[in-house]
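Protein chains: 2
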Amino acid sequence: MSTVPGGWNWSTIPARRVGDGVMRQMVHGERVMVCRLTIAAHVTTEAHRHEHEQITMIERGRVRFLVGSEERLCGSGDVIVLPPGTWHGCTVLDEEAVLVDIFSPVREDFFEAHHS
Amino acid sequence: MSTVPGGWNWSTIPARRVGDGVMRQMVHGERVMVCRLTIAAHVTTEAHRHEHEQITMIERGRVRFLVGSEERLCGSGDVIVLPPGTWHGCTVLDEEAVLVDIFSPVREDFFEAHHS
Numbered sequence: 064m065s066t067v068p069g070g071w072n073w074s075t076i077p078a079r080r081v082g083d084g085v086m087r088q089m090v091h092g093e094r095v096m097v098c099r100l101t102i103a104a105h106v107t108t109e110a111h112r113h114e115h116e117q118i119t120m121i122e123r124g125r126v127r128f129l130v131g132s133e134e135r136l137c138g139s140g141d142v143i144v145l146p147p148g149t150w151h152g153c154t155v156l157d158e159e160a161v162l163v164d165i166f167s168p169v170r171e172d173f174f175e176a177h178h179s
Numbered sequence: 064m065s066t067v068p069g070g071w072n073w074s075t076i077p078a079r080r081v082g083d084g085v086m087r088q089m090v091h092g093e094r095v096m097v098c099r100l101t102i103a104a105h106v107t108t109e110a111h112r113h114e115h116e117q118i119t120m121i122e123r124g125r126v127r128f129l130v131g132s133e134e135r136l137c138g139s140g141d142v143i144v145l146p147p148g149t150w151h152g153c154t155v156l157d158e159e160a161v162l163v164d165i166f167s168p169v170r171e172d173f174f175e176a177h178h179s
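Residue numbers (this note's numbering), protein chains in the order written: chain A, 64 to 179; chain B, 64 to 179.
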């Protein structure tokens, strides 16, 4: 079904390359940002932390997550809550993965990357 | 893939019946709440508003959304941003639908319904 005026659909929201094998789409309001990441097989995102609360949902693929000092093997339907300041990163296993990262507050640092 | 300790998976997160034909699952942090709603065909959720910002993603099904005074016909992959105070409701069309509602701040009013 096509998107109607005023709405968005992930199939048509522009994707921005934000790293090797990492494409990011985003939608946001004033308090919440939703980023949909499509990550190629065998890609590792560098571990990092930020003061934004993050909830990640795995839409498809298998991903090894680093959360603090522990590793979690995650797949479709998994949901991860990362409190502010949590050290985290991920490695996508043998097939492309799609993750939905939800942030609050909005990741203003992402605007520049998408608009530049 | 099964859920690992410390994570959640939508396949095992308890669902609570919160209305005729409406089941709600939820995961939350301090700032963000994610509710996954499974809504039977032909069910209408009463139009309402709240001061929480809401972003809704349609996982599957077809849904007619009321947003303010306009109707939007939505389907899989659609994303709707509802600023605080926006009047909204929905009617699920001819098959069961799954929606992911993201709120900030957390809907504390939902805790009682899930814990009672």
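Every residue, glycine too, gets a C-beta built ideally from N, C-alpha and C.
So the beta strand (DSSP E) residue i belongs to, where does it begin and stop?
{"i": "A:H115", "result": "It is not in any beta strand (DSSP E) - A:H115 carries neither H nor E in the DSSP assignment."}
{"i": "A:L162", "result": "160-167"}
{"i": "A:G152", "result": "151-155"}
{"i": "A:G140", "result": "Per DSSP, A:G140 belongs to no beta strand (DSSP E) and is neither H nor E."}
{"i": "A:A110", "result": "107-111"}
Out of the options, point me to the one whose CA is closest to residue i's CA.
{"i": "B:E122", "options": "B:R99, B:V144, B:G131, B:H115", "result": "B:R99"}
{"i": "B:V106", "options": "B:V95, B:E171, B:R170, B:V161", "result": "B:V161"}
{"i": "A:E133", "options": "A:V142, A:H151, A:I118, A:E116", "result": "A:H151"}
{"i": "A:E171", "options": "A:H115, A:G82, A:G148", "result": "A:H115"}
{"i": "B:V97", "options": "B:F128, B:V81, B:T154, B:Q117", "result": "B:Q117"}
{"i": "A:L136", "options": "A:I143, A:V142, A:V144, A:V126", "result": "A:V126"}
{"i": "A:R87", "options": "A:T154, A:H111, A:V163", "result": "A:V163"}
{"i": "B:V85", "options": "B:V169, B:E175, B:C153", "result": "B:C153"}
{"i": "B:H111", "options": "B:G148, B:V144, B:I143", "result": "B:G148"}
Quick check: residue i and residue j, are their CB atoms within less than 8 Å of each other?
{"i": "B:W73", "j": "A:G124", "result": "no"}
{"i": "A:E159", "j": "A:I102", "result": "yes"}
{"i": "A:P146", "j": "B:G70", "result": "no"}
{"i": "B:F173", "j": "B:M120", "result": "no"}
{"i": "A:L156", "j": "A:A78", "result": "no"}
{"i": "B:I76", "j": "A:V95", "result": "no"}
{"i": "B:G82", "j": "B:T108", "result": "yes"}
Within the present structure, is the beta-carbon of residue i separated from the nearest heavy atom of the ligand NAP by less than 7 Å?
{"i": "B:V144", "result": "Ligands are entirely absent from the displayed structure, and the ligand NAP is therefore not among its contents."}
**Asked** In chain order, what residues of the stretch 92-107 of chain B put their CB closer than 7 Å to some CB of chain A?
**Response** G92, E93, R94, V95, V97
**Near-chain B residues of the stretch 135-160 of chain A - C-beta to any C-beta below 9 Å** = R135, L136, C137, G138, S139, G140, D141, V142, I143, V144, L145, P146, P147
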